[in-house]
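Asks:
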Amino acid sequence: SGGGVGRGMAGGCRLLLLLALGRAAAAPGGMLYPRESPSRERKELGGLWSFRADFSPGRDAGFVQRWYWQPLRQTGPVIDMPVPASFNDITQDPSLENYIGWVWYEKEVLLPLRWLQKDLNTRVVLRFGSAHYYSIVWVNGVQVVEHEGGHLPFEADISSIVQGSPGIPCRITVALNNTLTPHTLPPGSIQYMNDKTRYPKNYFVQNIRFDFFNYAGIHRPVVLYTTPSVYIDDITVTTTSSESVAMVQYQVSVVGSTLYSLSLSLRDQEGKVVATGDGPAGELKVLNPNLWWPYLMHENPGYRYSLEVKMQAQVNGALLEDVYTLPVGIRTVHVTSTRFLINGRPFYFHGVNKHEDADIRGKGLDWPLVVKDFNLLRWLGANSFRTSHYPYAEEIMDLCDAYGIVVIDECPGVGIKMLESFGNKSLQHHLVVMEELIRRDKNRPSVVMWSVANEPASELPPAAYYFKTVIAHTKALDPSRPVTFVTDANYALDRGAPYVDVICVNSYFSWYHDPGHLEVIPLQLATQFENWYKTYEKPIIQSEYGADSVPGLHSDPPLMFSEEYQKAMLKEYHSVFDKKRKEYVIGELIWNFADFMTNQGTTRVLGNKKGIFTRQRQPKSAAFVLRERYWKIANESSCLPLIVKSHTLFL
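Using mature numbering (1 follows the signal peptide of the UniProt record, and there is no 0), the letters of the sequence shown map in sequence onto residues -26 to -1, 1 to 625.
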């Protein structure tokens, strides 16, 4: 748990008030990824920002002294902070490593003159890919947006503030609070240590019920982008297909005028127009479509068309045009009592669980790391991953779409253990988070299932209504995808499982249960699967399994924490998977792709070591076991010459 000294809340009364008020719904409008086009420009704001943590006793000096009214450097000492990145590991200051409360970021930028002239009907938008956890943003001292949640985008139209003042720097100030309460997602709690013989006055710790470090900061790109004053606000696409024809259903929303025209063109990867349409809603017919296939299921995985949407409107006698191009993959998803079907063919998840986590940058988006991870996934023969335990960056999701990596898209519902986290206040926020997640990722062909939680206390009585409501809301927002949550509860006591489409089960036989006893795995794992299937008759994914291994630690016979024990555990699990995947088991996701940082504790030596790769992305012995298995499964279910060719590509 992160520690600190403070009074009131870790973030002062300000955060308590904000979290108490909450929001009844996601912010209105779309959340299209900012892409450049003939009508849109984009300016990246990554790099060094000014940074200051508020170490005042109540963590509220920044609000009392109104740090947003003037350049941050005038309020006191500031340091350089890279964006995107977590702030925790950047300095040598241990008080910042485990800081809880408000931190402040600032960036001054000069905008192009053409953005600032009001008569050009240009709209200027400030967008954050994500910031953890609660954000308040000012531009030139004027508050423009607040957002709760650490893993989803938010934006503000700042045209009225910046236009009409050419040549004046645009000063962006962000106050960010990483305090977690019983009603945030993920939840947490602040615990005050009142024994004055053991702790300083007003000493508190941030308690969490999840096993990864609560990194904080501006984690994803910050951009300024423009649109015309009448603009394409949102696009929703769904697809159906047969062997010879596909239908692409679309809905387009336009903001700024009710008098506009829309034209749509669907182009293949050679740029050829294969279908056209007009109007805000309709259907495009594609003959002999190239379907979106997962990696290793087709010689051309991840095929995407380009849907160009063009809007024209008359404003004060001037013709405005907005153009937005959306990548579109044509694919279908269907779940039976024993199978998961993509484009009508059985799909078996052989993949990983991941984290957004790396040395120094924490959870900050880092392109070299992202590309390395995808190369390792394809080397491994992995066709899928779960975004454990929060939505990943849009840039990562783009590559999943492009490479054909199938995604179980999980919201930040991890560590929902306390009874008070199942009340109406928590539920309302959970519904908003699902709205924001689906709005962001609804058009992604790689996303085949939503996960609304990981390892909640789903045996508690309120969990039944809670998960029935969250899952029903998710299905209402997106009827085209199945919904699950990931459980570690007893099959007979789980009150949320009746409402999911696919059972996702985590278990660690011979690790957390009967540690060191590999011989119990075959019986316990087979019994687990049989009990779940007999009770629910739904397909099952082993959504987590694994063992810690310290790289370079060897033991024969295998002992816990050695590389040999990790390998031996995997092989015991795999023997049961091979029997049950002939029946109703539809997937296996190892925990974890790579070692990752956690809070300090007596069972964690510089983090969780269950990765098959180290935190620096070097393979342990288990990586080769998994690679051999995944390519074998791929060969069994696909065209052999194709797979061998792909296999050699990543040797």
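The C-beta atom is built at its ideal place from N, Cα and C for all residues, glycine as well.
These figures come from a predicted structure and were not determined experimentally.
(1) Which parts of the region 529 to 592 are runs of the beta strand (DSSP E), unbroken and 3 residues or longer, counting only runs that do not cross its ends?
(2) In three-state DSSP terms, what is F61?
(3) Relative to the C-alpha of Q592, which candidate in N349, P320, N464 and F535 has its C-alpha closest?
(4) In the DSSP assignment, find the unbroken alpha helix (DSSP H) run with C374 in it and report its ends.
(5) Out of curiosity, what's the CA-to-CA distance linking P86 and R101?
(6) Skipping 5 residues on each side, what residues in its chain have a beta carbon closer than 8 Å to that of D93?
(7) Contact between the region 417 to 435 and the region 463 to 479 is defined here as three or more beta-carbon pairs at a separation below 8 Å; is this criterion met?
(8) Curious, which full-length beta strand (DSSP E) runs of at least 3 residues does the region 158 to 190 contain?
(9) Please confirm whether S536 and H548 have their CB atoms less than 7 Å apart.
(10) Use the C-beta contact count for G245: other C-beta atoms within 10 angstroms, 16 or more gives buried, fewer gives exposed.
(11) Identify whether W89 lies in helix, strand or coil by the three-state DSSP scheme.
(12) What residue range is occupied by the uninterrupted alpha helix (DSSP H) comprising Y510?
(13) How many angstroms separate the CA atom of P45 from the CA atom of H125?
(14) When the Cα of G3 is compared with those of Y108, R455 and P127, which residue comes out closest?
(15) Taking only runs that begin and end inside the region 202 to 288, name each unbroken alpha helix (DSSP H) of 4 or more residues, in chain order.
(16) Leaving out five residues before and five after Y166 in sequence, what residues of the same chain have Cβ atoms less than 8 Å from its Cβ?
(17) Can you tell me which of G575, V309 and Q288 puts its alpha carbon nearest to the alpha carbon of P453?
(18) Find out if the Cβ-Cβ distance for the pair I382, S425 is shorter than 7 Å.
(19) Cα separation between I412 and K328?
(20) Using CA atoms only, rank isn't needed, just tell me which of D67, W565, W506 and G490 is closest to D533.
(21) Have a look at K284 and V559 and give me their C-alpha separation to the nearest angstrom.
(22) When DSSP labels each residue in this structure, what does Q516 get in the three-state scheme?
(23) Between T155 and S163, how many whole angstroms is the CB-CB distance? I'm expecting something under 8 Å.
(24) Is H121 helix, strand or coil by DSSP?
(25) Reducing DSSP to helix, strand and coil, say where R469 ends up.
(26) Are the CB atoms of E82 and P143 within a distance shorter than 7 Å?
(27) So, D492 versus S481, is the Cβ gap smaller than 7 Å?
(28) Determine the contact status of K594 and P531, defining contact as a CB-CB distance below 7 Å.
(29) DSSP puts E602 in a beta bridge; with which residues?
(30) If contact is defined by three or more beta carbon pairs under 8 Å, each pair taking one atom from either stretch, is the region 366 to 376 in contact with the region 392 to 408?
(31) Candidates V579, K556 and W506: which alpha carbon is nearest E610's?
(32) With respect to the alpha helix (DSSP H) encompassing G36, which residues constitute its N-terminal and C-terminal limits?
(33) Once the 5 residues before and after R319 are set aside, which same chain residues still bring their CB inside 6 Å of it?
(34) With DSSP collapsed to three states, give me the class of I146.
(35) Measuring CA to CA, which of T153, V197 and G251 is closest to N72?
(36) On the premise that S203 lies in contact with V289, defined as a C-beta separation below 8 Å, what is that separation, rounded to the nearest angstrom?
Replies: Let me lay it out:
(1) Taking 3 residues as the shortest admissible run, the region 529 to 592 contains the following complete beta strand (DSSP E) segments, listed from N- to C-terminal end: 559 to 564.
(2) If DSSP states are grouped into helix, strand and coil, F61 belongs with coil.
(3) Closest by alpha carbon: N349.
(4) That run of the alpha helix (DSSP H) goes E368 to Y377.
(5) In a straight line, the C-alpha of P86 is about 17 Å away from that of R101.
(6) None.
(7) Judged by Cβ distances under 8 Å, the region 417 to 435 makes contact with the region 463 to 479, as three or more pairs qualify.
(8) List check, beta strand (DSSP E) in window: 162 to 166 and 177 to 182.
(9) No; because the gap between Cβ atoms is not below 7 Å, this pair is not in contact.
(10) With a threshold of 16 other beta carbon atoms within 10 Å, G245 falls short and is exposed.
(11) The answer is helix: DSSP assigns W89 an H, G or I state.
(12) Where Y510 is concerned, the enclosing alpha helix (DSSP H) stretches over I495 to Y510.
(13) Distance from the CA atom of P45 to the CA atom of H125, rounded to whole angstroms, is 27 Å.
(14) Looking at Y108, R455 and P127, the one whose alpha-carbon comes closest to that of G3 is P127.
(15) Counting only runs of 4 or more, we get nothing.
(16) Same-chain partners within the cutoff: N176, Y177 and F178.
(17) Checking every option, the nearest Cα to that of P453 belongs to V309.
(18) Closer than 7 Å, so yes.
(19) Cα to Cα, the separation comes out at about 20 Å.
(20) The sequence given here places Leu at residue 533; Asp does not occur at that position. Comparing alpha carbon positions, the residue from D67, W565, W506 and G490 closest to L533 is G490.
(21) Rounded to whole angstroms, the separation of the alpha carbons of V559 and K284 is 45 Å.
(22) In this structure, Q516 counts as strand in the three-state DSSP scheme.
(23) Contact between T155 and S163 holds, with the beta-carbon distance rounding to 7 Å and staying under 8 Å.
(24) Three-state DSSP puts H121 in a strand.
(25) Reduced to three states, the DSSP call for R469 is coil.
(26) The beta carbons of P143 and E82 sit closer together than 7 Å.
(27) According to the sequence provided, residue 492 is Leu. The question's Asp does not apply to it. 7 Å or more divides the Cβ of L492 from the Cβ of S481.
(28) The Cβ atoms of K594 and P531 lie no closer than 7 Å to each other.
(29) E602 is bridged by DSSP to nothing; it lacks a bridge partner.
(30) No, the region 392 to 408 is not in contact with the region 366 to 376.
(31) Of V579, K556 and W506, the residue nearest in Cα terms is K556.
(32) DSSP places G36 in the uninterrupted alpha helix (DSSP H) bounded by A35 to V38.
(33) Apart from sequence neighbours up to five positions away, no residue of its chain approaches R319 with a beta-carbon distance below 6 Å.
(34) I146: strand per DSSP, three-state reduction.
(35) The residue among T153, V197 and G251 with its C-alpha nearest the C-alpha of N72 is T153.
(36) Confirmed, Cβ separation roughly 6 Å.
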